[in-house]
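This report concerns only the one structure given below.
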Amino acid sequence: MAWFRRSDKGILTPTESKREVPDGLWFKSPGGKIVHTRELKHNAFVVPDEDYHVRIGSKEYFELLFDHNEFKELDPDMESADPLNFTDTKPYLERIRESQEKTELKDAIRTAVGKLNGIDIVIGCMDFSFIGGSMGSVVGEKISRAIDHCLKHRIPLLLISRSGGARMMEAGLSLMQMAKTSAKLALLDEAGIPYISLLTDPTTGGVTASFAMLGDFNIAEPGALIGFAGPRVIRETIGKDLPKGFQSAEFVLDHGFLDFIVDRRNLKNRLTVLLKMLA
Amino acid sequence: MLLDFEKPIAELEAKLEDMKRIAQNSDADVKDAIKALEKKIRQLKKETFENLTGWQRVQLSRHPDRPYTLDYIYEITDDFIELHGDRTVGDDKAMVGGLGTIDGQTYMLIGQQKGRNTKQRQFRNFGMPNPEGYRKALRLMRLAEKFRKPIVTFIDTPGAFPGLEAEQRGQGEAIARNLKEMVRLKVPVICIIIGEGASGGALGIAIGDRVLMLENSWYSVISPENCSTILWRSWDYKEQAAELLKLTAKDMLSLKLIDGIIREPLGGAHTDMKWMAAEIKKTILETTKELSAMDPAERIRQRIDKFCAMGVVKE
Numbered sequence: 001m002a003w004f005r006r007s008d009k010g011i012l013t014p015t016e017s018k019r020e021v022p023d024g025l026w027f028k029s030p031g032g033k034i035v036h037t038r039e040l041k042h043n044a045f046v047v048p049d050e051d052y053h054v055r056i057g058s059k060e061y062f063e064l065l066f067d068h069n070e071f072k073e074l075d076p077d078m079e080s081a082d083p084l085n086f087t088d089t090k091p092y093l094e095r096i097r098e099s100q101e102k103t104e105l106k107d108a109i110r111t112a113v114g115k116l117n118g119i120d121i122v123i124g125c126m127d128f129s130f131i132g133g134s135m136g137s138v139v140g141e142k143i144s145r146a147i148d149h150c151l152k153h154r155i156p157l158l159l160i161s162r163s164g165g166a167r168m169m170e171a172g173l174s175l176m177q178m179a180k181t182s183a184k185l186a187l188l189d190e191a192g193i194p195y196i197s198l199l200t201d202p203t204t205g206g207v208t209a210s211f212a213m214l215g216d217f218n219i220a221e222p223g224a225l226i227g228f229a230g231p232r233v234i235r236e237t238i239g240k241d242l243p244k245g246f247q248s249a250e251f252v253l254d255h256g257f258l259d260f261i262v263d264r265r266n267l268k269n270r271l272t273v274l275l276k277m278l279a
Numbered sequence: 280m281l282l283d284f285e286k287p288i289a290e291l292e293a294k295l296e297d298m299k300r301i302a303q304n305s306d307a308d309v310k311d312a313i314k315a316l317e318k319k320i321r322q323l324k325k326e327t328f329e330n331l332t333g334w335q336r337v338q339l340s341r342h343p344d345r346p347y348t349l350d351y352i353y354e355i356t357d358d359f360i361e362l363h364g365d366r367t368v369g370d371d372k373a374m375v376g377g378l379g380t381i382d383g384q385t386y387m388l389i390g391q392q393k394g395r396n397t398k399q400r401q402f403r404n405f406g407m408p409n410p411e412g413y414r415k416a417l418r419l420m421r422l423a424e425k426f427r428k429p430i431v432t433f434i435d436t437p438g439a440f441p442g443l444e445a446e447q448r449g450q451g452e453a454i455a456r457n458l459k460e461m462v463r464l465k466v467p468v469i470c471i472i473i474g475e476g477a478s479g480g481a482l483g484i485a486i487g488d489r490v491l492m493l494e495n496s497w498y499s500v501i502s503p504e505n506c507s508t509i510l511w512r513s514w515d516y517k518e519q520a521a522e523l524l525k526l527t528a529k530d531m532l533s534l535k536l537i538d539g540i541i542r543e544p545l546g547g548a549h550t551d552m553k554w555m556a557a558e559i560k561k562t563i564l565e566t567t568k569e570l571s572a573m574d575p576a577e578r579i580r581q582r583i584d585k586f587c588a589m590g591v592v593k594e
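Residue numbers (our numbering), protein chains in the order written: chain R, 1 to 279; chain X, 280 to 594.
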């Protein structure tokens with residue numbers, strides 16, 4: 001009767017893949033379609049036929065974009081401090097530690113340098129699974145240094161946003177990261193180095209009101225929620241329901257704030273064509 | 280209107296009035312008693328206002344009698360010509376601006392504007408600008424740059440307006456663009472938080488060579504009420520949230536997120552508007568002198584370096 005006793009733990013999903021990607025063997029899309037996770041992965045985490053873009057994180061984007069998944073991560077050990085001694089229902093540092101354990105990430109963004117179809121590029125990608133992709137000092141500082149790297153080596157920048165906005169637990173310091181990232185982007189302007197901002201689902205608050213909207217090219221994934229104020233706040237302000245598709249990438253494109261919408265499966269290709277045109 | 284912490288002072292002041300009346304109508308000698316009481320009031324006032332909590336300062340910053348942007352502008356300028364419109368969509372009444380002269384020097388003065396009664400408050404949209412407000416502000420700053428006039432901004436907003444049209448017209452983009460453009464303005468930029476400095480809506484006109492806060496203003500990423508709602512799902516913890524956010528002028532200065540504090544009269548700016556305006560005027564003149572002596576490129580470099588140094592991380 002030993003046949004049912006499992007000798008290895010191979011089919012347990014490792015914590016690492018539990019980030020934002022669907023865990024388990026099957027993924028059920030909001031439209032009700034059930035897809036095998038391996039099929040999903042091979043399809044750039046886009047649900048086939050439905051074109052629904054599953055929320056993914058920096059690990060998946062780096063794999064999708066960097067040639068052979070080869071890259072050098074910048075400032076990989078940078079972590080949040082707790083300069084304000086912020087304690088609400090739990091201390092901020094405890095919250096950070098818990099998120100770090102849960103996600104195996106240091107904070108809400110990873111920045112790296114590598115090649116995209118042979119083109120040198122710096123990519124910063126936010127992780128929504130880390131406290132809602134919120135921007136505190138670490139996110140601001142990592143972006144700032146990533147831009148320094150672009151300036152020093154004269155290579156283009158891609159920032160992939162997926163964030164609820166500024167991180168409340170760093171209060172005024174978080175707010176100033178908006179100023180800091182925008183100031184650094186001004187230097188990229190002066191240096192004539194391209195900056196592409198990819199907005200993914202969701203991008204709101206202080207991230208929208210700073211670097212995410214400041215791309216030479218603002219592009220977005222289909223269906224992504226993009227806005228300054230969140231839908232709930234707006235609904236409360238105006239006291240009625242929001243029109244269908246309000247704050248979707250398509251809506252934002254229609255109102256003139258995006259250059260184009262790109263299917264994740266074509267992302268690498270489109271970026272290559274664009275960057276080659278600018279070289 | 281009396282705030283809670285002002286009541287003990289008001290009670291003593293009422294008592295003093297009574298005493299004075301008695302002194303007038305009778306021969307009783309209460310001179311010493313009056314003097315003693317006056318001293319007591321002064322002391323209590325000093326103690327109270329020097330040790331205000333974060334939340335108490337938030338309350339003062341929103342005091343219905345607190346001077347607003349245009350009050351200061353009219354008080355400190357000899358001439359002022361208000362300029363309107365963003366040249367694209369409309370004229371945002373929550374953001375005002377124009378050219379004004381202070382001691383013979385022309386400035387571009389810009390700021391969020393609140394209203395004093397119900398009708399005005401609605402007209403000014405409670406000091407919450409739409410995207411066209413931020414674009415109007417930037418247009419005026421560019422104009423200042425063209426004519427080489429220093430810029431002063433007055434920040435007083437509960438936030439950028441979270442409305443339907445605001446989103447359609449790109450509230451996020453409007454604020455973001457201001458942040459990027461303000462860091463490289465060639466003329467001196469002085470920003471003064473005079474009341475409420477809430478989040479991106481405040482920051483959108485607060486990128487300057489010198490960012491100063493009035494003693495009883497507040498500046499943070501979120502209002503204490505909204506912070507309380509997010510953390511505890513209720514407004515009841517706003518006092519606690521105000522402490523957590525370190526949003527007072529003193530806290531912001533010690534975190535090196537602002538460059539200085541402008542003193543208020545004891546009791547708050549509204550108790551002596553003329554004094555407050557004179558203090559602001561003096562600060563503007565001194566700061567302009569200091570900034571004008573610098574080379575524009577150097578000024579911009581220092582401005583960028585200052586904002587880029589903000590933040591605390593562990594490595």
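C-beta: ideal position from N, C-alpha, C; glycine also. Every value quoted in this text rests on a predicted model; they were computed, and no experiment measured them.
Can you tell me the Cα-Cα spacing of residue i and residue j, whole angstroms?
i, j, result
"residue 113/R", "residue 79/R", "19 Å"
"residue 18/R", "residue 223/R", "Only weak support is given to the placement of residue 18/R: the predicted model assigns it a pLDDT of 43, under 50, and the value that follows is read from those uncertain coordinates. Approximately 23 Å between the Cα atoms of the pair."
"residue 388/X", "residue 552/X", "18 Å"
"residue 1/R", "residue 105/R", "Because residue 1/R sits at a pLDDT of 48, beneath the cut-off of 50, its placement in the model cannot be relied upon, and the point is left open."
"residue 585/X", "residue 238/R", "38 Å"
"residue 243/R", "residue 236/R", "14 Å"
"residue 67/R", "residue 43/R", "17 Å"
"residue 15/R", "residue 25/R", "Residue confidence for residue 15/R is low, a pLDDT of 46 falling below 50, so the modelled location carries little weight and cannot support an answer."
"residue 342/X", "residue 410/X", "26 Å"
"residue 150/R", "residue 111/R", "12 Å"
"residue 399/X", "residue 393/X", "8 Å"
"residue 259/R", "residue 284/X", "54 Å"
"residue 397/X", "residue 280/X", "16 Å"
"residue 590/X", "residue 486/X", "16 Å"
Tell me the residue span of the alpha helix (DSSP H) that contains residue i.
i, result
"residue 202/R", "Where residue 202/R is concerned, there is no enclosing alpha helix (DSSP H), although the beta strand (DSSP E) it sits in stretches over 195–203."
"residue 179/R", "171–191"
"residue 581/X", "575–587"
"residue 420/X", "410–425"
Quick check: is any heavy atom of the ligand GTP less than 6 Å from the C-beta of residue i?
i, result
"residue 131/R", "Absence of the ligand GTP from the depicted structure is noted, as is the absence of any ligand whatsoever, leaving it without description."
What span of residues does the beta strand (DSSP E) with residue i cover, start to end?
i, result
"residue 26/R", "26–28"
"residue 112/R", "109–116"
"residue 477/X", "468–477"
Name, please, each residue of chain X whose Cβ falls closer than 7 Å to the Cβ of residue i.
i, result
"residue 250/R", "Here the premise fails: no neighbours, minimum Cβ distance about 13 Å."
"residue 237/R", "441, 442"
State the DSSP-derived secondary structure class of residue i, mapped to helix, strand or coil.
i, result
"residue 542/X", "coil"
"residue 14/R", "Bear in mind that a pLDDT of 45 at residue 14/R, under 50, signals an unreliable position, so the number given afterwards is only what the model happens to contain. Looking at residue 14/R - three-state DSSP - the assignment turns out to be coil, as it is neither helix nor strand."
"residue 518/X", "helix"
"residue 19/R", "Model confidence at residue 19/R stands at a pLDDT of 48, short of 50, so the residue's coordinates are unreliable; what they give is reported in the following sentence. If DSSP states are grouped into helix, strand and coil, residue 19/R belongs with coil."
"residue 1/R", "Because residue 1/R carries a pLDDT of 48, less than 50, the predicted location of this residue cannot be relied on, and the following value inherits that uncertainty. Three-state DSSP puts residue 1/R in coil, outside helix and strand."
"residue 283/X", "helix"
"residue 219/R", "strand"
"residue 498/X", "strand"
"residue 563/X", "helix"
"residue 91/R", "strand"
"residue 236/R", "helix"
"residue 359/X", "strand"
"residue 620/X", "Any property of residue 620/X remains undetermined from this structure, which presents chain X solely from 280 to 594."
"residue 390/X", "strand"
So which residues of chain R does residue i contact, with C-beta pairs closer than 8 Å?
i, result
"residue 573/X", "Result: empty, since nearest Cβ-Cβ is about 18 Å, beyond 8 Å."
"residue 420/X", "Within 8 Å Cβ-Cβ: nothing; residue 420/X doesn't reach chain R, min ~14 Å."
"residue 586/X", "176, 179, 180, 183"
Strictly below 9 Å CB to CB, what residues from chain X border residue i?
i, result
"residue 234/R", "441, 442, 443, 445, 446"
Give the interface partners of residue i over in chain R, defined as CB-CB distance under 9 Å, in chain order.
i, result
"residue 331/X", "By Cβ distance, chain R contributes nothing, its closest Cβ being about 18 Å from residue 331/X, past 9 Å."
"residue 268/X", "Chain X is shown from 280 up to 594; residue 268/X falls before or after that span and cannot be answered."
In chain R, which residues lie less than 7 Å from residue i when you measure between Cβ atoms?
i, result
"residue 309/X", "In chain order: nothing, as chain R lies at least about 50 Å away."
"residue 591/X", "81, 83, 137, 173"
Selection of the region 56–89 of chain R by Cβ proximity to chain X, strictly under 8 Å: Result list: 75, 77, 78, 79, 80, 81, 83, 84, 86, 87, 88, 89.
Interfacial residues, the region 381–405 of chain X to chain R, with Cβ spacing under 8 Å: none
Chain-ordered residues of the region 197–224 of chain R with a beta carbon less than 9 Å from chain X: Those would be 203, 204, 205, 206, 207, 208, 209, 210, 211, 212, 213, 214, 218, in chain order.
Residues from the region 492–503 of chain X in contact with chain R, defined by Cβ distance under 9 Å: Within the region 492–503 of chain X, the residues whose Cβ lies closer than 9 Å to any Cβ of chain R are, in chain order, 498, 499, 500, 501.
Where the region 152–171 of chain R meets chain X: residues whose CB sits under 7 Å from a CB there: 166, 168, 171
Interfacial residues, the region 172–186 of chain R to chain X, with Cβ spacing under 7 Å: 172, 173, 174, 175, 176, 177, 178, 179, 180, 182, 183, 184, 185, 186
Residues, ordered as in the chain, of the region 130–153 of chain R that lie near chain X by beta-carbon distance below 7 Å: 137, 138, 140, 141, 144
Where the region 255–268 of chain R meets chain X: residues whose CB sits under 8 Å from a CB there: 255, 256, 257
Where the region 465–496 of chain X meets chain R: residues whose CB sits under 7 Å from a CB there: 478, 479, 482, 486
Near-chain R residues of the region 550–582 of chain X (beta-carbon distance less than 7 Å), N- to C-terminal order: For chain R, none of the residues of the region 550–582 of chain X brings a beta carbon within less than 7 Å of one of its beta carbons.
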